[in-house]
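Everything on this sheet refers to the single structure shown next.
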Amino acid sequence: MPIPEYHAKLSPSSAARWINCPASVKLSDGMPETTSADAERGRLAHAIAELKARKKFLTPMSARTFSSQLKKLHEDPRYEKTMDEATDSYIEELTAHAMNFKAPPFIALETRVPIGLITGEHQADGTPAFGTADCIQIGEGILWITDYKNGAGVPVEAEENPQMMLYALGALAYYRPFYGDTLHIARMTIVQPAAGGVSTWETTRSALEAWGYDVVVPAAGKALSGEEEPRSGEWCRSHFCPLRATCRARAQ
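Using our numbering, read the sequence shown as starting at 976 and increasing by one per residue.
Structure, rendered in structure tokens:
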């Protein structure tokens, strides 16, 4: 019997919400998970982006094999032609990043990084909860994380983006056994071709870790214990809080 996919309560994608409103986690516990047509299209676009990135950077693949796998994705009823242009832009950006290094960087795709080491959330088997980073490139003391977004709504900026910062903290922890403390710079890029293009932000590892301990750890503790009252803000809408229709703080 297949193991059900794990969904972290304190996920990086909803970090802006649970950091600002820790109460939303406990209050929404047990509520059914929902999806949307946009989210499903985004998953398909991510699959296309991953296939193209694997061919470009990791997996030798004949043109025939690549075309066959891409054709299967194109046959999905949610497929739109604009997905190919957008994902091509993503690959171009990753290529530009790789060329930014003096020597070819280490590259990993769709990597599960242990966010739970920061948030304190663990899976049923005791392992830390994780987030999945689209692309990680490492070289010359730099950790570079790139995230593809398919949405055409509000542009998402990389600067001080909690989702990207959590990915970076998780990646630093995940790769520490291999790189030790040699990674001093964290660079984060969001590629959103349908709404604004590319946004990049850079910070130091020490500043990132300080944010983790000063901001994430306290918020995560409150979220898991449920000791705070709900707080309303733009995170209610932009991060799809399941309580937004019934939350008393938002109603007030």
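Note that the Cβ used here is the ideal one computed from N, Cα and C, for glycine as well. These numbers come from a predicted model, not from an experiment.
Query - Span of the beta strand (DSSP E), counted from its first residue to its last, around isoleucine 1160 - result: 1160–1167
Query raised in the report: In chain order, which continuous runs of the alpha helix (DSSP H) of length 4 or greater are located wholly inside the segment 1065–1139?
Result: 1091–1094
Query raised in the report: Start and end of the beta strand (DSSP E) containing serine 1003?
Result: Careful: serine 1003 lies outside any beta strand (DSSP E) and carries neither H nor E.
Requested in this report: Output yes if chain E places a C-beta closer than 8 Å to the C-beta of proline 1168; else output no.
Outcome: Absence of chain E from the displayed structure is noted, only one protein chain being present.
Query raised in the report: If you draw a straight line from the C-alpha of leucine 1158 to the C-alpha of serine 988, how long is it?
Result: One C-alpha to the other measures close to 24 Å.
Query raised in the report: Of the residues Ala1195, Glu1204 and Cys1211, which one's Cα is nearest the Cα of serine 986?
Result: Ala1195
Report task. Would you tell me roughly how many angstroms separate the C-alpha atoms of lysine 1027 and lysine 1047, rounded to the nearest one? Result -> Distance between the alpha carbons of lysine 1027 and lysine 1047: 13 Å.
Report task. Counting only the same chain and skipping the five closest in sequence on each side, list residues whose C-beta sits under 8 Å from that of alanine 929. Result -> Since the first and last residues shown for the chain are 976 and 1227, residue 929 lies out of range.
Query raised in the report: Going by the CB atoms, is the gap between isoleucine 1160 and threonine 1179 shorter than 8 Å?
Result: yes
Query raised in the report: Excluding sequence positions up to five away, which residues of its chain have a Cβ less than 6 Å from the Cβ of isoleucine 1023?
Result: Leu1048, Met1058 and Thr1062
Query raised in the report: Taking the Cβ atom as the reference point for each residue, do threonine 1121 and aspartate 1109 lie within a distance shorter than 8 Å?
Result: yes
Query raised in the report: Out of curiosity, what's the CA-to-CA distance linking glutamate 1115 and lysine 1077?
Result: 8 Å
**Report entry** For glutamate 1177, three-class secondary structure by DSSP
**Finding:** strand
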